[in-house]
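Below is one structure; the comments refer to it alone.
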Amino acid sequence: MKFYYFIILILLVNVFALKSQVGINSQSPLGIFHVDPKGDTSGTTNGSDDFIISSDGRVGIGTVSPTARLDVVGNLRIADGTEYDRYVLTSDDNGVGSWKRQTYTSRVIGTVPASLSSIRSGDNNIVNASNWTYTGARITLPAGSWMIYFYCVYNNNSSSNYTVWWDLCTTSSWVPANRVGRVLSYFAPTTGLSPTYASYPVSPTTATTYYIIGFAGGGGGLAANLTFTYNSGARIWAIPVF
């Protein structure tokens, strides 16, 4: 009979042991398993040196309140033999990580028609939306930080020197609130060519299409209703910025 009592006692001890919390250098463990190297953790304070496994299976290193399956507060070092200066931790399809050289998103090529639309001076009023013309050049970019580049050559068929204002907008119609960038080309000589090379930094948070819209303007009594016609070389592209 004593033998049976002994067996029951052992079973009860094992049951209670399975449900107990284990604390190393801690009188009041805060999880199923809690290591407090300095023995100074009080509640959630002074937990920067602790290691804990919470009751819901989360592991905390440097914190006693892990909020993810593995929660590390502090420096992290992973040395598996693939690490190298400026490499990044990369996952494969199965979630297995290793250090790899950082890859960069390829440049994005925008759309330009065979011939860009002519740019007009209109009534020479830069704030008159009807004086602005969508050239046909556009580019769609995913979320991120980008530098957009635009190049083209236009003809100045008039006897006046004037420039072209190149606005980058998020709509194909000119609206001041939708303008995200502006570049001013230099004065085109009379009956000459005006090459333009523009760049615009953008940081869309969602996929966004950008449009190149132009206006011909100048000073010194520039004539109204002049036309700035497309010559050649139009292209628009973007590269990611890190």
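For the sequence shown, the residue numbers in UniProt numbering are 1 to 242.
Just so you know, even glycine gets a beta-carbon here, dropped at the ideal spot from N, CA and C.
Which residue comes first and which comes last in the beta strand (DSSP E) that contains Lys100? Gly97 to Arg101
Is Pro37 helix, strand or coil by DSSP? coil
Buried/exposed call for Val175, threshold 16 Cβ in 10 Å: exposed
Beta-carbon gap between Ile52 and His34 smaller than 7 Å: yes
Do you know how far the Cα of Glu83 is from the Cα of Ala216? 55 Å
Unbroken beta strand (DSSP E) run spanning Asn155, endpoints: Trp146 to Asn156
Out of Gly97, Asn46 and Asn75, state which residue places its alpha-carbon closest to the alpha-carbon of Ser65. Asn46
Look at the Cβ atom of Met147, then the Cβ atom of Ile213, and state whether they are nearer than 7 Å. no
Ala114, DSSP secondary structure in three states: coil
Suppose contacts are defined by Cβ-Cβ distances below 7 Å. Is Asp56 in contact with Pro37 by that definition? no
Please work out which residues of its chain come closer than 6 Å, Cβ to Cβ, to Thr63, disregarding the five sequence neighbours upstream and downstream, and give them in chain order. Gly47, Asp71 and Val73
Which class does Ala129 belong to by DSSP, given the choice of helix, strand or coil? helix
Measuring straight from C-alpha to C-alpha, what distance separates Val108 and Arg235? 11 Å
Best match in Thr103, Pro113, Asp93 and Cys169 for proximity to Val241 [C-alpha to C-alpha]: Thr103
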